[in-house]
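Peer 1:
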Amino acid sequence: MRLHAVEHGHRLPQRLKLLLIRLVSMRRVPDVVKTLFYRPEFFGGPMCDWTQAVMRGPSPWSVGERELFAAFTSRLNQCLF
Amino acid sequence: MENRAGRHAALTKRLVDSVLATPGHTASELRKAILARAARLGGRHGSGGGEARDGVPAPLASYVDKVAVHAYKVTDEDLTALQQAGNSDDVLFEVTVSAALGAALGRLERGLSALRGEASPLDPLSRVRPHPLTPSPSGRGGTQE
Numbered sequence: 001m002r003l004h005a006v007e008h009g010h011r012l013p014q015r016l017k018l019l020l021i022r023l024v025s026m027r028r029v030p031d032v033v034k035t036l037f038y039r040p041e042f043f044g045g046p047m048c049d050w051t052q053a054v055m056r057g058p059s060p061w062s063v064g065e066r067e068l069f070a071a072f073t074s075r076l077n078q079c080l081f
Numbered sequence: 001m002e003n004r005a006g007r008h009a010a011l012t013k014r015l016v017d018s019v020l021a022t023p024g025h026t027a028s029e030l031r032k033a034i035l036a037r038a039a040r041l042g043g044r045h046g047s048g049g050g051e052a053r054d055g056v057p058a059p060l061a062s063y064v065d066k067v068a069v070h071a072y073k074v075t076d077e078d079l080t081a082l083q084q085a086g087n088s089d090d091v092l093f094e095v096t097v098s099a100a101l102g103a104a105l106g107r108l109e110r111g112l113s114a115l116r117g118e119a120s121p122l123d124p125l126s127r128v129r130p131h132p133l134t135p136s137p138s139g140r141g142g143t144q145e
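From first to last, the protein sequence lines are chains A and B.
Per this note's numbering, residue 1 is the first one in the first sequence, and the count goes up by one each step.
Per this note's numbering, residue 1 is the first one in the second sequence, and the count goes up by one each step.
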C-alpha cells in the first residue's frame, strides 16, 4: 500500500474490524479491504452497497458468471483479482 | 426498468455523490473535474471538450490519466513526487478514488450504450487492436430485460 494513511490510519471501529479479520483469517488483510475501510463514508460504504447489489443482487447472470466477468475485467486491467 | 444509467442507477448516483460531495481534503470542484477527465478517458460519450483547461492542475493530471487508463503502471515514485509536492495522503486518496470512479463510470456508460446498440466512440485503450470485449455478432452478451 503506497498511502500510509490508508494502510494504518483507520478510525477505531474500522481498525477493530481489520484486527478481527486478521485474527480470524490468520493472514494479512488485503489492500482492497483496507481501502474500503478507510473513511468509509467517503467511498467504501457506498461502494460496498453498490458491489453487493451488482454482484449478489437479483440479476439475469448467476453469481459465478458475474465473478467471472469481474476476474476477466481485472485481467484486462492487469489487476490482481 | 432499464434506463441510461442501468439497473443500479440509484446506487451508482449515491456512490458518485458521496465521492464528489463528502467533506474532505480536496475541493468538490477538483474531484468533479478529475472524475470528468477520467470518465472521458474511460470512453464517456459526448463529454467533448479539450483536456488542457479541464480544471485539473498539471502534476495531478498526468497521475489521474495513469490511474484512469492503466493503473498498474502507477509507481512508488509517482506517489512520492506528489507527496513531496505537498499533497497529503488524504488528498491523494481522494484524487485516486475520483479518478478510478470516473474511469469506471466512463466504461460502464460505454458498455450500457453498446447493449442498447448505440454506436460508441472509439475506445481510447484499443487504438492498436480490437478490444477483447468487442462484441461479436453471434456472441452472448446482452441481457433480456
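Each residue gets a CB set at the ideal place from its N, CA and C atoms; glycine is no exception.
Identify, in the order they occur along the chain, each residue of the same chain with its Cβ nearer than 8 Å to the Cβ of B/Gly-142, setting aside the five sequence neighbours on each side.
Peer 2: Residue confidence is low: B/Gly-142 scores 46 on pLDDT, short of 50, so the model does not pin down where it sits. No coordinate-derived value is stated.
Peer 1: Can you pull out the residues from the stretch 11 to 41 of chain B whose beta carbon lies closer than 7 Å to at least one beta carbon of chain A?
Peer 2: Hits within the stretch, in order: Leu-11, Thr-12, Arg-14, Leu-15, Ser-18, Val-19, Thr-22 and Gly-24.
Peer 1: Would you mind telling me which residues of chain A sit closer than 8 Å to B/Asp-89, beta carbon to beta carbon, in chain order?
Peer 2: Leu-3, His-4, Ala-5, Val-6 and Gly-9
Peer 1: Check A/Met-1 in the structure and name its three-state DSSP category.
Peer 2: coil
Peer 1: Report yes if the CB atom of A/Phe-37 is closer than 8 Å to the CB atom of A/Gln-14, and no otherwise.
Peer 2: yes
Peer 1: Flag this pair as touching only if the stretch 21 to 31 of chain A and the stretch 103 to 110 of chain B have three or more C-beta atom pairs under 8 Å; answer yes or no.
Peer 2: no
Peer 1: Assess, as a yes-or-no matter, whether the stretch 67 to 74 of chain B is touched by the stretch 84 to 103 of chain B under the definition of 3 or more beta carbon pairs within less than 8 Å.
Peer 2: yes
Peer 1: At a Cβ cut of 9 Å, what residues of the stretch 10 to 35 of chain A count as close to chain B, listed as they run along the chain?
Peer 2: Thr-35
Peer 1: Is the separation between the beta-carbon of B/Val-95 and that of B/Thr-22 shorter than 8 Å?
Peer 2: no
Peer 1: Helix, strand or coil: how does DSSP classify B/Gln-83 here?
Peer 2: helix
Peer 1: CA-CA distance, B/Ala-58 and A/Cys-48?
Peer 2: 32 Å
Peer 1: Could you give the residue range of the alpha helix (DSSP H) that holds B/Gly-55?
Peer 2: Segment: none, B/Gly-55 is in no alpha helix (DSSP H) and carries neither H nor E.
Peer 1: List the residues of chain B that A/Ala-53 touches, going by C-beta distances under 8 Å, in chain order.
Peer 2: His-8 and Leu-11
Peer 1: Can the beta-carbon of B/Asp-76 be found closer than 8 Å to that of A/Ala-5?
Peer 2: no
Peer 1: Of all the options B/Leu-20, B/Val-56 and B/Arg-7, which has the alpha carbon lying nearest to the alpha carbon of A/Gly-57?
Peer 2: B/Arg-7
Peer 1: Which class does B/Arg-116 belong to by DSSP, given the choice of helix, strand or coil?
Peer 2: coil
Peer 1: From the beta carbon of B/Ala-85, is the nearest beta carbon of chain A less than 8 Å away?
Peer 2: no
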